[in-house]
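Numbering (our numbering), first residue to last: 6 to 1186.
Built from N, CA and C at the ideal position, the CB exists for glycine as well.
The model shown is predicted, which means the values in this text are computed figures rather than measured ones.
Worksheet: one structure, shown below.
Next up, the structure:
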């Protein structure tokens, strides 16, 4: 809402406006503006002829304005309102001089109040000057020249703010008043110029005469004295009281809010002081508290701000005769000045402490009619004076502070009392609760909540107020509560079940809670656990019977005798051990029943000293003369005064145990002899078998290097595989024999876990690739970079596990290896290794037999898997040697996870450095030896496998993803150096996937290389603009793929071979032999056979889909299918199909489908040609 502009003549009934000789309005009263439908700001600066005078009257009024009217004349015309309606105000017109500008002003006033008004008074003056009119107004008027010098102030200004200058002198505004006020005014005047003659102003200014700050609101008009100079006429209304009233209003609200919203007394004191500062100039304020009940000799100042804002903190001083004590005793609001201070001091009413303030104002803090302190403000400046209104505000603030103190004390007492009650309530060992008349639990303590008890609802999602109707004792409790609500006090015991189903007993007290005269709204319950007491009582009843049953069924012999050896009690088992009945031996001497020897004599002496002997061997003589070997535990029974008075003991017959032990010793000697013979035999056999085997294997290797035809090569391959298997079996047998004989020794050394896994992966990757099994590994970051252990034996264990996993995992499955740090103790660490496969799984029964020697789960004559059954047994023994354990968890048909742990040491920094340098030296210039972590993303299986195998064979750690979503998950979980990204994929294409990966903000971010069949130059530029880092066109070439890895990793690669001197033949081929050779080089024969077979099946399906799409003229689907065929066939070097698919796709992109059936027919012919020839081409390569 726009703020209204005050007028220089403040009488509300005055209808007047003033114009300069040009007719421009530079003053108008608020009532005049309202009657005409305007705001004052809308009229100031407007030409009166253009906005308020009808066209037919403009000429006449213009002449009147230009002429200087020394007398009041009537203006017989109406003014035109904003709504374009004539308003008859019976206007009068008079000219007033403006000596500063040497011009006159014309004033239009309504004659309904002209006589008796200030205008009439002005006209009685002889000079008819404008300043005489201003001298009579209540507005504060100041006029400045262009140099911001005061040239005129009216009496209203002078009386409140002091004379800015005398009537003859000229002074700068900033020299007369505070600089901030001057700058504020100057900033407003800077807005005025020849185009903008009017501006609104709000100003806060400190009076020179009384030091009070006045708030002014008004406007300024710029009038041109000459071309270089302006006069600024500033007209203000004093709105100080309005501002104060608003601040007081806010003070009342904010101070009251502080009490409600804040419980922190220091914060309340500070905030109330802040609010008071808005309404009273009170930088120095303190609160004094006096509590005679706590300490009669001191007074405390919890809040003390003095010397213009210095926080003196919490002060406590002895009581004295200061002004604070005087105000507390007086008990009424006080406002005194310096003279009154000194008068009170002179008559002994007070003693002046510290600096005397110019003005001091204080009000008592009263709680329940009792004065507890005082709130006081003090001014050390004569300019800051306090009024009665200030005292009233301070009185209000004191009442709020007193209220806050009372609330704080009440809150503290309440919290203390509540804390005591809660402490009793919660710390009690009893179960305490209460219920209302609806038998709803209304309160309970922690013990009740944690107990499985009546009225407790174990379902925490349900209200605990519901009655326990599900309990079988519901009726019992209803009857008890009913009596209690009638006023009876009940005490009874109940038997319950705890959470484990055991019997427990509670002693219950139910008491009515009276909330009024004979009015019972609730019943309290207290439950005391008496289970131990009840159990003791029951145990006492059963103890005799129980002891009797035990005593009579006791197989060992229990005896008790006095210190002289007279038998006082024996168990019935004495008959079986000695052949005597109990009644026959009681009263006899114990020496009569065992063979006495010097050792027995020593035992009796030791018993007197030690009081308790265990595992003492004695020989008992039976009634028939047979001697039985026994072991016994004997103790001395003592009185309450620790004096021995009896001997008791338990005797067990160990004759058979002794005999069995002797037999075991003899059997062990026999076994050791057998083991020695077995070891000697195996050593001899190892030597005898290995000697001819070395010859066989060596000759096979030589034979393999000779010129052989294909059939002979197959024979040699079979011989080589068979000899390797035979050697593995021999090594397994020797290993197990070494372990059993305890001659297997570990050879720990420093190695890299990642190298260990890479060796395993390099060993088994070809087999896995041949069987289309994914082989991957993960090493947790917590595993040290280097460790000390037996790497060879770890490889042996892992090889056994992975070999088994490969045997039992079908094509398309996966095998994952993971290493995690279990724990670390100083330099010793324990690592867990897991090998997880997606194979056939193992039943629970078979898992029990897995780690036994020479054990196979399938012993049938038709078993599909071979082996000696020693691998897992050897692995178990090796893991035990390495301080670990081995195990498996598996679900039949869902795969298995074999795991083992081993102990290792952390390698020190020097060793790490040496090994790292050694490793770098070994790998400076490897031939195709990479180690980057690479992700291949392609929805086409063949493209994935070919790229993945080439990179794996080059040393990269490769993971494969068949979709954008899978790629994002793998990037989130792994750190990749490079990502090869197919562009055209279903659901999420390569560009979208790239953007999602880069939004992950991984550090470092992998380089993402487009690997696509889009092979045009503009395609490369387009993909790089869309966020990819590089571009590789399909078909995939092994060397190009490796070169991209080298480019983005900085790895030094030594490339073998030289440029081919033959001229390139650009004629498309059924299969490009160069591509075929590269694929065989990096992937092996198995990969070639696999990917070309898969291409045949996959492309056949895609061509069938193209036929259907062609029938339906579905050109978009045909483009997608041809794009895939083009990329896959190009990767495999199937050039005729690739080129034809590329031509058709290119035409369809340009919406050219003429003759498409012919082109498609040629594509099918190319595919048939491929089917007829590809196996022969591969075979003859």
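Closest by C-alpha distance to residue 219, when choosing among 182, 204, 295, 841 | 182
In whole angstroms, what is the alpha-carbon distance linking residue 780 and residue 1142?
-> 32 Å
Taking the C-alpha atoms as reference points, what is the distance between residue 254 and residue 280?
-> 11 Å
Neighbour-count burial assignment, residue 161, 16 or more Cβ in a 10 Å radius | buried
Residue 848: buried (16+ other C-beta within 10 angstroms of its C-beta) or exposed?
-> A residue is called buried when at least 16 other Cβ atoms come within 10 angstroms of its Cβ; residue 848 does not meet this threshold and is exposed.
For residue 767, count neighbouring Cβ atoms within 10 angstroms of its own Cβ and tell me buried if that reaches 16, exposed if not.
-> exposed
Taking C-alpha atoms, which residue in 1002, 93, 791, 533 lies nearest to residue 755?
-> 791
For the beta strand (DSSP E) holding residue 222, just list the boundary residues, first then last.
-> 218-231
Uninterrupted beta strand (DSSP E) stretches inside the segment 478-521 (no shorter than 3 residues) = 495-502, 508-521
Quick one: what does DSSP say residue 403 is sitting in, helix, strand or coil?
-> Helix, per DSSP.
Applying the criterion that 16 or more other CB atoms from any shown protein chain within 10 Å of the CB defines a buried residue, is residue 950 buried or exposed?
-> buried
Sort out for me which residues DSSP pairs residue 634 with in a bridge.
-> DSSP output for residue 634 lists 624 as bridge partner(s).
Using the DSSP secondary-structure output, state which residues sit across from residue 369 in a beta bridge.
-> 379
For residue 593, which three-state DSSP category applies?
-> coil
Mark residue 369 as exposed unless 16 or more other C-beta atoms lie within 10 angstroms of its C-beta, in which case mark it buried.
-> buried
Start and end residues, beta strand (DSSP E) containing residue 44 = Residue 44 -> no beta strand (DSSP E), and no H or E assigned at all.
Can you tell me where the alpha helix (DSSP H) with residue 1131 in it begins and where it stops?
-> Segment 1120-1136, the alpha helix (DSSP H) holding residue 1131.
Residue 902 in three-state terms, based on DSSP = strand
Distance, residue 558 Cα to residue 608 Cα | 28 Å
Three-state secondary structure assigned by DSSP to residue 573 = Correct three-state label for residue 573: strand.
Three-state secondary structure (DSSP) at residue 1190?
-> Nothing about residue 1190 can be reported from this structure: the residues present for the chain run from 6 to 1186 only.
Could you name the residues of the same chain whose beta carbon sits closer than 6 Å to that of residue 941, not counting the 5 residues immediately before and after it, in chain order?
-> These residues qualify, in order along the chain: 949, 952, 953, 965, 985.
Whose C-alpha, out of 483, 896, 649, is nearest the C-alpha of residue 445?
-> 483
Burial state of residue 681, where buried means 16 or more other Cβ atoms lie within 10 Å | exposed
How is residue 749 classed by DSSP in three states: helix, strand or coil?
-> It is coil, neither helix nor strand.
Looking at the structure shown, is residue 969 part of a helix, part of a strand, or coil, going by DSSP?
-> helix
Between the C-alpha atoms of residue 1028 and residue 1131, what's the straight-line distance to the nearest angstrom?
-> 19 Å
Member of 982, 111, 878 whose CA lies at the smallest distance from the CA of residue 97 = 111
Shortest alpha-carbon distance to residue 397 belongs to which of 421, 376, 337, 454?
-> 337
What do you reckon, are the CB atoms on residue 212 and residue 166 nearer than 8 Å?
-> In this structure, residue 166 lies closer than 8 Å to residue 212 by Cβ.
Could you tell me which of 481, 493, 539, 528 sits nearest to residue 509, measuring between CA atoms?
-> Nearest option by C-alpha distance: 539.
Taking DSSP as the reference, what is the three-state secondary structure of residue 546?
-> The DSSP-derived three-state label of residue 546 is helix.
What's the C-alpha gap between residue 533 and residue 485?
-> Distance between the alpha carbons of residue 533 and residue 485: 17 Å.
Below 7 Å CB to CB, which residues in the same chain sit around residue 571 once its five sequence neighbours on both sides are set aside?
-> 592, 594
Look up residue 893 in the DSSP assignment and give the residues it is bridged to.
-> 903
In angstroms with no decimal places, state the Cα-to-Cα distance between residue 875 and residue 1014.
-> 47 Å
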